[in-house]
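Chemist: In mature numbering (1 follows the signal peptide of the UniProt record, and there is no 0), the protein residues as written are -19 to -1, 1 to 167.
Input: one structure, supplied below.
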Amino acid sequence: MRTLPLVAAPLLAAVACSAGGGSTPQEEETLAEQEPSQQEQPSAAGPARVGLDETHDFGGGFTITMTELRREVDPDGFNSMTGEEGELPYVAWSFEITNNTGNLLHTGSTTSSCFVGDPLEETEQPVLGDAVNPPDQLADGQSATWDADCWMDEDESQLQYTLEFYDQESVSLYPPVTFAGKVPRE
């Protein structure tokens, strides 16, 4: 059984006190309307929120950044939520995590949700990248990256992506973080 890093214990307690499942689309839309440059601290009320080009600090030297944000088209795409297939546009990026905690960092697995458009609507994540999972653990002083993506029409620009790390027993390791903002049109 893994132990939680010391920096996660107080934050885990706050998350454990919150009730219910994920956010509703209306709550997700309210988050997207807030100013992304004002990084919020995690609370029992919901995830920390940062802009698409900002770094989130989980505390104690564990950070995450969304990098290489870009629009692409999958020539053989299939969106099971809408039934669309063929050339489908999507937005893709990499996440980079860095461990400067002074200890081995356990990251476990992730859960995520993706909302796009105005108004925000949940969209499918086609998982088209080469490396799609974070490492289970990360040595001090090390960084790691993995790919993420969401279907997004070319005329849409709002993106809101929430990510949470959890262990093999589905216990949250760190509070969720939401990256939100406008994806540039190319």
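C-beta: ideal position from N, C-alpha, C; glycine also.
1) Rounded to whole angstroms, how far is the Cβ of D75 from the Cβ of D128, which I believe are closer than 8 Å?
2) Kindly give me the distance between the Cβ atoms of V97 and Q139, rounded to whole angstroms, as I take these residues to be in contact under 8 Å.
3) So, helix, strand or coil for R166, using DSSP?
4) Taking 9 Å as the cut-off, decide whether the C-beta atoms of E145 and T104 are in contact.
5) Classify N114: buried if its beta carbon has 16 or more other beta carbons within 10 angstroms, exposed otherwise.
6) Buried or exposed: which applies to A(-11), given that a residue is buried once 16 or more other Cβ atoms fall within 10 Å of its Cβ?
7) Are G64 and P157 closer than 9 Å when you measure CB to CB?
8) What residues in its chain sit with their C-beta under 6 Å from that of E16, if we drop five residues either side in the sequence?
9) Helix, strand or coil, according to DSSP, for S151 in the structure here?
10) Using 10 angstroms around the beta-carbon of residue 171, count the other beta-carbons present and answer buried if the total reaches 16, otherwise exposed.
11) Based on DSSP bridge pairs, tell me the residues matched to G42.
Modeler: Quick answer:
1) Mapped onto the sequence shown, residue 75 falls at position 94. Mapped onto the sequence shown, residue 128 falls at position 147. It is worth fixing the name first, because residue 75 is Ser in this sequence and not Asp. Right, their Cβ atoms sit about 5 Å apart.
2) Mapped onto the sequence shown, residue 97 falls at position 116. Mapped onto the sequence shown, residue 139 falls at position 158. The Cβ separation is near 6 Å, so the contact holds.
3) In the sequence shown, counting from the first residue as 1, residue 166 sits at position 185. Reduced to three states, the DSSP call for R166 is coil.
4) Taking the first residue of the sequence shown as 1, we reach residue 145 at position 164. Taking the first residue of the sequence shown as 1, we reach residue 104 at position 123. No, the Cβ-Cβ distance between E145 and T104 is not below 9 Å.
5) Against the sequence shown, residue 114 aligns to sequence position 133. Exposed, because fewer than 16 other Cβ atoms sit within 10 Å of the Cβ of N114.
6) Residue -11 sits at position 9 when you count from the first residue of the sequence shown. At A(-11), the pLDDT of 38 sits below 50, so the modelled position is not reliable; the number obtained from the coordinates is stated separately. Exposed is the label assigned to A(-11), since fewer than 16 other Cβ atoms lie within 10 Å of its Cβ.
7) As a working note, residue 64 is residue 83 in the sequence shown. As a working note, residue 157 is residue 176 in the sequence shown. It is not a contact, given that the beta carbons lie outside the stated cut-off.
8) Position 35 of the sequence shown holds residue 16. Here E16 scores only 41 on pLDDT, less than 50, and its place in the model should not be relied on; the value that follows carries that caveat. Taken in chain order, the list of residues that qualify is empty.
9) Locating residue 151 in the sequence shown gives position 170, counting from the first residue. Of the three classes helix, strand and coil, the one that applies to S151 here is coil, per DSSP.
10) This structure cannot settle anything about residue 171, because the visible part of the chain is limited to -19 through 167.
11) For the purposes of this step, residue 42 is identified with residue 61 of the sequence shown, where counting begins at 1. In DSSP, G42 forms no bridge with anything.
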